[in-house]
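Mapping to the working numbering: the sequence shown position 3 is 64, numbers consecutive. Okay, structure first, notes after.
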Amino acid sequence: MDIVLIPLIHLINYGLKLYIWAIIIYTLLNMCISFQIVNPYNPFITQSGQFLSRIIDPFLNKIRQVVPFFGAVDLSPLVLIFIIYLIQGILNQILMRL
């Protein structure tokens, strides 16, 4: 059982790390578009933003229903990263007990 569970937990951990980086890139991309640093009509920027939006926005929308906005600051990506870190901590505790 451990021969399957340990690599599976490692794979989930790597996937969560990749998802955290996707959240950071998505947030930075949105900020760069908002401050007109990058051209939103660039095909690469548009496709990248749409892809990241499809994989991240469903979770952010759930958090936005609970966490209020502070002026123009959206804290939902930070909350989502914190939740992912909690999940990673739980997975690491499970991994240590195996």
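All C-beta atoms in this analysis are idealised placements derived from N, C-alpha and C, irrespective of residue type, glycine included.
task: Provide the residue(s) that pair with residue 131 in DSSP beta bridges, ordered along the chain.
output: In the DSSP output, where bridge partners are listed per residue, residue 131 has 134.
Residue nearest to residue 81 in terms of C-alpha spacing, selected from 143, 155, 136: Ranking 143, 155, 136 by Cα distance to residue 81 puts 143 first.
message: Ignoring anything shorter than 3 residues, give me the beta strand (DSSP E) runs that lie fully in the region 62–116, in order along the chain.
response: The qualifying runs do not exist here; there are none.
query: How would you call residue 95, buried or exposed, if buried means at least 16 neighbouring beta carbons within 10 angstroms?
result: Exposed, since its Cβ has fewer than 16 Cβ neighbours within 10 Å.
message: I want to know whether the region 65–74 touches the region 96–111 - three or more CB-CB distances under 8 angstroms.
response: No, the region 65–74 does not touch the region 96–111.
query: Are residue 149 and residue 79 closer than 7 angstroms when you measure CB to CB?
result: No, the Cβ-Cβ distance between residue 149 and residue 79 is not below 7 angstroms.
field: Buried versus exposed, by CB contacts within 10 Å (16 or more), residue 141
entry: Residue 141 should be labelled buried.
query: Is it the case that the Cβ atoms of residue 138 and residue 84 are separated by a distance below 7 angstroms?
result: Less than 7 angstroms divides the Cβ of residue 138 from the Cβ of residue 84.
task: Quick one: grab the DSSP three-state call for residue 159.
output: Reduced to three states, the DSSP call for residue 159 is coil.
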